[in-house]
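Q:
Numbering (the numbering used here), first residue to last: 24 to 471.
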């Protein structure tokens, strides 16, 4: 019954013959999508001042619901069958590239790595914010949350398995079906099923809105920072226009064949393209900007330099691992599918182009930066690869060490803050920066 309700009533997927025939717009889904974007717009109307307060609720309340579902799940008869299935390793799946890719993407999604949200929200922190502590709390909390969610889900699936008299692996279902078919059906078997169903779907709603806040704030902040003179005074209007545009683009997902488009977007929009972005970020920071400069900046903000483990990850382990996963996913490429439906070739090509679109922004930005410089091609590349003249902390009280400098001959009414290695003209340079450079260089030599 739950499968029929989900597929035929909610999605009305029988009205579509495939991704090429989306069918009619389902107005119940269309209005739900509109309501979601209206809520998002109202919550980010005043930027992080408003969304930050809402996130206190949307990010913490799901933990209370998850704890309630966990306690209820483990007390059900047959829960141990689901937990045993959850904890039993299946090592043969480690040979599948899809498992490794999905694991990497799950970390990207849950931590927000590569999407820009971390950079956006970090830009509102104080200059000396302890990012070491924050990173430890976030990553540990993410791991604990994933484990607890697994116990909450599979304990209920174990109960459902015992009630139906079928193995757990026949009950468990990957993808959207787990959240919208299997788990809701299990909720109907519990006493006070409407109450538990409401809690579960309200948790999904708050988690979805929380993610939308981050994605939208990333877009709005990036564009307004690029054109502050025009957009910053009208940030609320610009945020509204982005919400309207996102809503209109999402209408295709509310059609009879919207699930096919959702699967295509999920498989390609943030898969190999996201890994390319993260790999490029690692290489740009460590190889182009320089690991010494980066470590010196962290030392200036935190008062201590990153340890050898972190530098080894930034320099070698992270980019090498992600590159291996990227190559493996290309070699072992598997076409998208939804149940028994196989996507046509043009849909696969469209998905690949969507994935490449985010990657093409990187060489496009490099080309624009090179064309803005003067001189020969090599000189342009050198100039484009150096920090900007005003590179450094945005507040003058935070500009210390190598960032305290005056450009010789400047006609500026106040000293122009410049990067020491590029322009010279240094008036002061702390000995601690030199010591940090020396220690980093010595440890890097020992790593080679």
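For each residue, glycine too, the CB sits at the ideal point set by N, CA and C.
Quick caveat, the model's predicted, so the values are computed rather than measured.
Using only CA atoms, which one of 128, 25, 38, 30 lies nearest to residue 279?
A: Locating residue 279 in the chain shown gives position 256, where the first residue counts as 1. When each option's Cα is compared against that of residue 279, the closest is 38.
Q: Tell me which same chain residues have a C-beta within less than 7 Å of the C-beta of residue 102, skipping the five on either side of it?
A: The residue labelled residue 102 in the question sits at position 79 within the chain shown. Taken in chain order, the residues that qualify are 96, 178, 181, 182.
Q: Mind reading off the beta-carbon distance from residue 105 to residue 216? Whole number of angstroms is fine, and I expect it under 8 Å.
A: Along the chain shown, read from residue 1 onward, the residue named residue 105 stands at position 82. Along the chain shown, read from residue 1 onward, the residue named residue 216 stands at position 193. About 18 Å; that fails the 8 Å criterion.
Q: Taking only runs that begin and end inside the stretch 211 to 264, name each unbroken beta strand (DSSP E) of 3 or more residues, in chain order.
A: none
Q: Residue 278 by DSSP, collapsed to three states: which one?
A: By one-based count along the chain shown, residue 278 stands at place 255. DSSP places residue 278 in strand when its eight states are reduced to three.
Q: I want to know whether the stretch 134 to 145 touches the stretch 208 to 223 - three or more CB-CB distances under 8 Å.
A: Touching, no, given that fewer than three Cβ pairs across the two stretches are closer than 8 Å.
Q: With distances taken from CA atoms, which of 416, 386, 193 is nearest residue 474?
A: Given that the chain is displayed from residue 24 to residue 471, the structure contains no residue 474 and the question cannot be resolved.
Q: Residues bridged to residue 48 by DSSP?
A: By 1-based counting over the chain shown, the position of residue 48 is 25. Looking at the DSSP assignment, residue 48 forms a beta bridge with 278.
Q: Would you report the Cα separation of residue 33 and residue 52, rounded to the nearest angstrom?
A: The sequence position of residue 33 within the chain shown is 10, counting from 1. The sequence position of residue 52 within the chain shown is 29, counting from 1. Cα to Cα, residue 33 sits roughly 8 Å from residue 52.
Q: Anyone know if the C-beta pair for residue 236 and residue 92 falls short of 9 Å?
A: Residue mapping note: residue 236 aligns to position 213 of the chain shown, counting from 1. Residue mapping note: residue 92 aligns to position 69 of the chain shown, counting from 1. The answer is no: Cβ separation not under 9 Å.
Q: On the criterion of 16 or more Cβ atoms from any shown chain inside 10 Å, does residue 122 qualify as buried, or is it exposed?
A: Counting from 1 along the chain shown, the entry for residue 122 is found at position 99. Burial call: exposed.
Q: Could you pull the DSSP bridge partners for residue 41 from this structure?
A: Residue numbering aside, residue 41 sits at position 18 when the chain shown is read from its first letter. Note: residue 41 sits in a beta bridge opposite 44.
Q: Let me know if residue 293 comes out buried or exposed under the rule of 16 or more other beta-carbons within 10 Å of its beta-carbon.
A: Residue numbering aside, residue 293 sits at position 270 when the chain shown is read from its first letter. Looking at its Cβ environment, which holds 16 or more other Cβ atoms inside 10 Å, residue 293 is buried.
Q: In whole angstroms, what separates the C-alpha of residue 88 from that of residue 75?
A: As a position in the chain shown, residue 88 is number 65, starting the count at 1. As a position in the chain shown, residue 75 is number 52, starting the count at 1. Going from the Cα of residue 88 to the Cα of residue 75 covers about 21 Å.
Q: Mind checking who residue 364 pairs with in its DSSP beta bridge?
A: In the chain shown, the residue the question calls residue 364 occupies position 341. Within the DSSP secondary-structure output, residue 364 pairs in a beta bridge with 361.
Q: For residue 64 versus residue 262, is the C-beta spacing smaller than 9 Å?
A: Within the chain shown, residue 64 is the residue found at index 41, counting from 1. Within the chain shown, residue 262 is the residue found at index 239, counting from 1. Yes, the pair counts as a contact, with Cβ atoms nearer than the cut-off.
Q: Indicate the three-state DSSP secondary structure (helix, strand or coil) for residue 417 in the structure shown.
A: Reading the chain shown from its first residue, position 394 is the one you call residue 417. DSSP places residue 417 in coil when its eight states are reduced to three.
Q: So, for residue 109: in the same chain, excluding its five sequence neighbours on each side, which residues have a beta-carbon less than 6 Å away from its beta-carbon?
A: Locating residue 109 in the chain shown gives position 86, where the first residue counts as 1. Within the same chain, residue 109 has close Cβ partners 173, 177.
Q: Label residue 357 either buried or exposed according to how many other C-beta atoms from any shown protein chain fall within 10 Å of its C-beta, with 16 as the threshold for buried.
A: For the purposes of this step, residue 357 is identified with residue 334 of the chain shown, where counting begins at 1. With fewer than 16 other Cβ atoms within 10 Å, it is exposed.
Q: May I have the straight-line CA-CA distance separating residue 175 from residue 246, to the nearest angstrom?
A: As a first step, residue 175 must be located in the chain shown, where it is residue number 152. As a first step, residue 246 must be located in the chain shown, where it is residue number 223. In a straight line, the C-alpha of residue 175 is about 40 Å away from that of residue 246.
Q: Within this structure, are the beta carbons of residue 283 and residue 366 separated by less than 9 Å?
A: Working through the chain shown from its first residue, we reach residue 283 at position 260. Working through the chain shown from its first residue, we reach residue 366 at position 343. Result yes, Cβ atoms of residue 283 and residue 366 sit closer than 9 Å.
Q: Within its chain, find whatever has a CB closer than 7 Å to the CB of residue 416; leave out the 5 residues flanking it on each side and keep chain order.
A: The residue you call residue 416 lines up with position 393 of the chain shown. Only 150, 422, 426 meet the Cβ criterion.
Q: Which of the three DSSP states, helix, strand or coil, is assigned to residue 446?
A: Translated into the one-based positions of the chain shown, residue 446 becomes position 423. Because the pLDDT at residue 446 is just 38, under 50, the model does not fix this residue reliably, and the point stays unresolved.
Q: In this structure, how does DSSP classify residue 142 when only helix, strand and coil are distinguished?
A: Numbered from its first residue, the chain shown carries residue 142 at position 119. Three-state DSSP puts residue 142 in a helix.
Q: Leaving out the 5 sequence neighbours to the left and right, which residues in its chain are closer than 7 Å to residue 404 when beta-carbon positions are compared?
A: Sequence index remark: in the chain shown, residue 404 carries index 381 (1-based). So the qualifying residues of the chain are 393.
Q: Closest to residue 69 by CA distance: which of 141, 240, 289 is it?
A: Here residue 69 is taken as the residue at index 46 of the chain shown, counted from 1. The candidate whose alpha carbon is nearest that of residue 69 is 240.
Q: So what does DSSP say about residue 147, is it helix, strand or coil?
A: As a first step, residue 147 must be located in the chain shown, where it is residue number 124. Coil.
Q: Judging by CA-CA distance, which residue of 347, 361, 362 is the nearest neighbour of residue 355?
A: Translated into the one-based positions of the chain shown, residue 355 becomes position 332. Distances from the alpha-carbon of residue 355 to those of 347, 361, 362 put 347 closest.
Q: Going by CA-CA distance only, name the one from 271, 414, 258, 244 that's closest to residue 54.
A: Translated into the one-based positions of the chain shown, residue 54 becomes position 31. Among 271, 414, 258, 244, the Cα nearest to that of residue 54 belongs to 271.
Q: Between which two residues does the alpha helix (DSSP H) carrying residue 36 extend?
A: Looking up residue 36 in the chain shown gives position 13. It is not in any alpha helix (DSSP H) - residue 36 carries neither H nor E in the DSSP assignment.
Q: Could you give the first and the last residue of the continuous alpha helix (DSSP H) run that contains residue 172?
A: Counting from 1 along the chain shown, the entry for residue 172 is found at position 149. Per DSSP, residue 172 belongs to the alpha helix (DSSP H) from 154 to 187.
Q: Would DSSP call residue 76 helix, strand or coil?
A: Residue mapping note: residue 76 aligns to position 53 of the chain shown, counting from 1. Residue 76 falls in the helix class under three-state DSSP.
Q: Label residue 229 either buried or exposed according to how many other C-beta atoms from any shown protein chain fall within 10 Å of its C-beta, with 16 as the threshold for buried.
A: For the purposes of this step, residue 229 is identified with residue 206 of the chain shown, where counting begins at 1. Result: buried.
Q: Hey, quick one: how far does the alpha helix (DSSP H) through residue 348 stretch, first residue to last?
A: In the chain shown, residue 348 corresponds to position 325, counting from 1. Looking at the DSSP string, the run of the alpha helix (DSSP H) that includes residue 348 is 341 to 354.
Q: Enumerate in chain order the residues of its own chain whose CB-to-CB distance from residue 116 is below 7 Å, with the five nearest sequence positions on each side excluded.
A: Here residue 116 refers to the residue found at position 93 of the chain shown. So the list reads 122, once near-sequence residues are dropped.
Q: So that I know if they touch, is there some Cβ in chain B lying closer than 9 Å to that of residue 382?
A: Here chain B cannot be found, since the structure has a single protein chain.
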